[in-house]
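Have a look at the structure below before the remarks.
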Amino acid sequence: MSLSSPFVRRPVGTTLMTIALVIAGVISFRLLPVAPLPQVDFPTINVVAGLPGASPETMASAVATPLERQFGRIAGVAEMTSVSFLGATTIAL
């Protein structure tokens, strides 16, 4: 006797049990306290500064560093990253 033989011999009971399990699953899912797509708010600010034609090194030393010093004075800033490239720099707070 295999595991599936009682289910094969009783197709109506098998169908009813499957429907009951699906209904129980749907009800349980609706009662979960966790939202399927929760609203997550990441408090970040991106600052982009441009200086057309400036090299990445110039952008880092002349633009990003002074801005980072000033932004570092803001209370509550836990992390700051900057990326400099040709003609622009991006700072994420």
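Residue numbers for the sequence shown follow the numbering used here, beginning at -14 and rising by one. Think of the CB as a built atom: it goes at the ideal place given N, C-alpha and C, for glycine as much as any other residue.
| Asked | Found |
| --- | --- |
| Bounding residues of the beta strand (DSSP E) (the contiguous stretch that carries GLY(-2)) | It is not in any beta strand (DSSP E) - GLY(-2) instead sits in the alpha helix (DSSP H) that spans -4 to 15. |
| Range of the contiguous alpha helix (DSSP H) that encloses THR74 | From DSSP, THR74 is part of no alpha helix (DSSP H) but of the beta strand (DSSP E) over 73 to 77. |
| Presumed contact (8 Å Cβ cut-off) between THR75 and ASN31, rounded CB distance | 6 Å |
| Short Cβ contact (8 Å threshold) for LEU71 with SER40 | yes |
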